[in-house]
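Novice: Take 3 as the starting number for the first sequence in the numbering used here and just add one per residue. Just so it is clear, CB atoms sit at the ideal spot from N, CA and C, and this is done for glycine as well. Everything numeric in this text was worked out from a predicted model, so none of it was measured. One structure coming up, written as structure tokens, with questions to follow.
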Amino acid sequence: MKPSTPKAIRGTQDIFGAEAEAFAFVVDTFERVRKLYRFRRVEMPVFERTEVFSRAIGETTDVVSKEMYSFEDRGGDSLTLRPEFTAGIARAYLTNGWQQHAPLRVATHGPLFRYERPQKGRYRQFHQIDAEILGAAEPMADVELLAMADHVLRDLGITGVTLHLNTLGDADSRERWRSALVAYFREVAGDLSAESRARLEKNPLRILDSKDPADRRFVAEAPTIDTFLSDEALRFFEQVTDGLDAAGVGWTRARSLVRGLDYYRHTAFEFVPDEGSAAAAALGAQSTVLGGGRYDGLMESLGGPPTPAVGWAAGIERLAMLVGERGDVPADVIVVVEDDERMAQSFAALRVLREEGLSAELIASGSARKRFDKAAKANPRAILSIGAQGMMGAPIRSNDEVLVDRLGDLLYEKVFSNPTTSPRT
RNA sequence: GCGAUCGUAGCUCAGCUGGUUAGAGCGCCGGUUUGUGGUACCGGAGGUCGCGGGUUCGAACCCCGUCGAUCGCCCCA
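See below:
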């Protein structure tokens, strides 16, 4: 009886090759930009007590009510694999006394977990980059945070995405707007789609971005937040938009943009591919590439003092789909052993090359006469052939003459002249 | 949770209206050829046709179930 092979968990990925290179490129770019903007690196646990998420995100949200990976540990505590970064970072801010560092800019990245049906650009274990500014009430914080997001996308070479920006106002503005929306949609409930009728009770703001054409004409006429904005909230939003203009960050007003989670206040934003762009095509049905906003109420829901904060997160997989093919980088040098008697010399050569900062790999398996062809196919900058039979002249082959000279000097000096690694006679 | 499409070698796929020992390309292994070399040729290994049941003289192909994948809805990164 042959033992069976366990399969991978649904919605997990084994990322390899060009995709893994694109993934790494996203993370590397984020790390570099994050340092430019002076965000400090934090490492967070991948699991927390369940209440961290249920209280911060909101019991009624889909994330909490049906998408969390929750389990009991051996001590009987309910724990949950993080579905997002923000709640955990807020918890850490409170439990570690990070208030002393306010305003605190932090950045992190890693895996997150959501029990959902996988599809293009959406997984059960997915990965995000994340940036937060904690303990900062000023609109300048929003501007800085968005400038950084914009910078990351730009350095990734991603085009055809635009910052969609909205304000949800302060808690009062948001509540009055919500009531007005509910009243408005109740009037026309009979003509709404079934989904939107359900949303009316549960999550009325979401009716605003319904894709159903039947809903859209009502959405167009629906009350907008602007009518309900307090002077203070309006002024805050203006300072954010003025700041973005000054910082050279393009944006567009999206009056129906609301974010799914309960904790958002004031600024809410998403970077979304432009209609018909290559980016939109690459992402399939998943549109948002980076999203976030201000969450002034979150700390209180975790029992902390009122603490203003802004943050965003972006899916690494989705970004990686937009950065294009990034093939495996060819080696600087491939060392081909065409005579196994000279294996020791080959290892010596590899060591010398790598210590010089040249990437190098070894081809020493299979038919000796086919090894050189194998190396040539891998398209390295140079091939070093060791022990070829019947060949005359240089064992280094490359179109890069400078590199040929450098390798020649290096290897002659440190390998071929060394009696312990010389070929046997 | 719902819907659509799909499931044949390591990979990409072919397999006509059901009909002998299930094929190709790439990759892998070996050999020959070439000989400042990425070529060409020959040979080889490798398949419970996702799994289970049914229809039939006969099923990779038709039917039912099941599992899995992909894409979409809901929601979201």
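Within the stretch 283-342, note down every full alpha helix (DSSP H) run reaching 4 residues or more, in order along the chain.
Specialist: As far as the stretch 283-342 is concerned, its whole alpha helix (DSSP H) runs of at least 4 residues are 300-303, 318-324.
Novice: Compute the Euclidean distance between the alpha carbons of Gly78 and Ser72, then round it to the nearest angstrom.
Specialist: Approximately 12 angstroms between the Cα atoms of the pair.
Novice: Contact check, Asp247 vs Val163 under 8 angstroms by CB: the rounded distance?
Specialist: The Cβ separation is near 18 angstroms, so there is no contact.
Novice: Around the C-beta of Val404, are 16 or more other C-beta atoms found within 10 angstroms, so that it is buried, or is it exposed?
Specialist: By the 10 Å Cβ count, Val404 comes out exposed.
Novice: For Glu340, count neighbouring Cβ atoms within 10 angstroms of its own Cβ and tell me buried if that reaches 16, exposed if not.
Specialist: It is buried - the Cβ of Glu340 has at least 16 other Cβ atoms within 10 Å.
Novice: Which value, in whole angstroms, describes the spacing of the CA atoms of Phe160 and Glu86?
Specialist: Here residue 160 is Ile; the residue named in the question, Phe, does not match the sequence. Going from the Cα of Ile160 to the Cα of Glu86 covers about 24 angstroms.
Novice: Helix, strand or coil for Val274, going by three-state DSSP, please let me know.
Specialist: Val274: strand per DSSP, three-state reduction.
Novice: In angstroms, rounded to a whole number, what distance separates the CA positions of Asp16 and Phe128?
Specialist: So the alpha carbons of these two residues sit roughly 11 angstroms apart.
Novice: Assign Thr427 to one of two classes, buried (16 or more other C-beta atoms within 10 Å of its C-beta) or exposed (fewer than that).
Specialist: Low local confidence applies: a pLDDT of 38 at Thr427 is under 50, so the model's placement there is unreliable, with the coordinate-based value given in what follows. So Thr427 ends up on the exposed side.
Novice: Using the Cα positions of Glu146 and Tyr297, report the straight-line distance between them to the nearest angstrom.
Specialist: Distance between the alpha carbons of Glu146 and Tyr297: 16 angstroms.
Novice: If contacts are defined as beta-carbon pairs under 8 angstroms, then Ala191 and Arg180 qualify, I think. What distance do you get, rounded to the angstrom?
Specialist: 16 angstroms between Cβ atoms; not a contact.
Novice: On a CA-only basis, which of Ser258, Lys9, Pro47 is nearest Pro206? Give me that one, please.
Specialist: Measuring from the Cα of Pro206, the nearest candidate turns out to be Ser258.
Novice: Starting from Glu134 and walking both ways along the alpha helix (DSSP H), at which residues does that stretch end?
Specialist: Careful: Glu134 lies outside any alpha helix (DSSP H), inside the beta strand (DSSP E) at 127-136.
Novice: Restricting to Cα atoms, I'd like to know which of Leu106, Arg208, Phe239 is closest to Ala224.
Specialist: Cα-wise, what sits closest to Ala224 is Arg208.
Novice: With respect to 7 angstroms, is the separation between the Cβ of Phe271 and the closest non-hydrogen atom of the ligand ATP below this value?
Specialist: The ligand ATP is not among the ligands present in this structure, which contains no ligands whatsoever.
Novice: Let me know if Arg123 comes out buried or exposed under the rule of 16 or more other beta-carbons within 10 Å of its beta-carbon.
Specialist: In the sequence under discussion, the amino acid at residue 123 is Gly, which differs from the Arg named in the question. By the neighbour-count rule (16 or more Cβ atoms within 10 Å), Gly123 is buried.
Novice: Helix, strand or coil for Glu140, going by three-state DSSP, please let me know.
Specialist: Coil.
Novice: Give me, in chain order, the residues of the same chain whose beta-carbon lies closer than 7 angstroms to that of Gly19; leave out the 5 immediate sequence neighbours on both sides.
Specialist: So the list reads Asp330, once near-sequence residues are dropped.
Novice: Please state whether DSSP places Ile17 in a helix, a strand or coil.
Specialist: Here Ile17 sits in coil by DSSP.
Novice: Compare the beta carbon distance of Pro332 and Val242 with 8 angstroms and say whether it is the shorter of the two.
Specialist: Their beta carbons are not under 8 angstroms apart, which means Pro332 does not touch Val242 by this criterion.
Novice: Is the beta carbon of Arg93 closer than 8 angstroms to that of Val54?
Specialist: It is a contact, given that the beta carbons lie within the stated cut-off.
Novice: Could you spell out where the beta strand (DSSP E) holding Ser175 opens and where it closes?
Specialist: Element bounds for Ser175: not the beta strand (DSSP E) but the alpha helix (DSSP H), 173-189.
Novice: Once the 5 residues before and after Phe187 are set aside, which same chain residues still bring their CB inside 8 angstroms of it?
Specialist: The answer, listed in chain order, is Leu194, Ser198, Leu202, Pro206, Ile209, Phe220, Ala224.
Novice: When you compare each of Asn381, Asp211, Ala366, Asp411 to Ala390 by their alpha carbons, which one comes out closest?
Specialist: Measuring from the Cα of Ala390, the nearest candidate turns out to be Ala366.
Novice: Could you have a look at Glu86 and say whether DSSP puts it in helix, strand or coil?
Specialist: Glu86: coil per DSSP, three-state reduction.
Novice: Buried or exposed: Gly286, going by 16 or more other Cβ atoms within 10 Å of its Cβ?
Specialist: Exposed, by the Cβ-count rule.
Novice: Out of Gln101, Arg267, Val251, Val260, which one is the CA nearest neighbour of Ser1?
Specialist: Residue 1 lies beyond the stretch modelled for the chain, which goes from 3 to 427, so this question has no answer here.
Novice: Could you tell me if Asp171 is buried or exposed, where buried requires 16 or more neighbouring beta carbons within 10 angstroms of its beta carbon?
Specialist: One detail in the question is off: residue 171 reads as Gly in this sequence, not Asp. The residue in question, Gly171, is buried, as its Cβ has 16 or more Cβ neighbours within 10 Å.
Novice: Given Ser361, which residues of its chain have a CB within under 7 angstroms of its CB, disregarding the five upstream and five downstream residues?
Specialist: Excluding sequence neighbours, Ser361 sits near Ala333, Asp334.
Novice: Are the Cβ atoms of Ala270 and Ser175 separated by less than 8 angstroms?
Specialist: Not closer than 8 angstroms, so no.
Novice: Pull up the CB-CB distance for Val417 and Gln347, whole angstroms please, since I reckon it's below 8 angstroms.
Specialist: That belief holds up - the Cβ atoms of Val417 and Gln347 are roughly 6 angstroms apart, short of 8 angstroms.
Novice: Taking the alpha carbon of Arg51 as the reference point, which residue from Glu74, Asp211, Val29 has its own alpha carbon closest?
Specialist: When each option's Cα is compared against that of Arg51, the closest is Glu74.
Novice: Bridge partners for Arg219 per DSSP, in chain order?
Specialist: Note: Arg219 sits in no beta bridge, so no partner.
Novice: Starting from the Cα of Ala173, find the closest Cα among Pro310, Arg57, Leu155 and give me that residue.
Specialist: The residue with the shortest Cα to Cα distance from Ala173 is Pro310.
Novice: Locate the beta strand (DSSP E) running through Leu114, then write down its first and last residues.
Specialist: That run of the beta strand (DSSP E) goes 106-115.
Novice: Note the first and the last residue of the continuous beta strand (DSSP E) segment covering Arg344.
Specialist: Counting along the chain, Arg344 falls outside any beta strand (DSSP E), and DSSP gives it neither H nor E.
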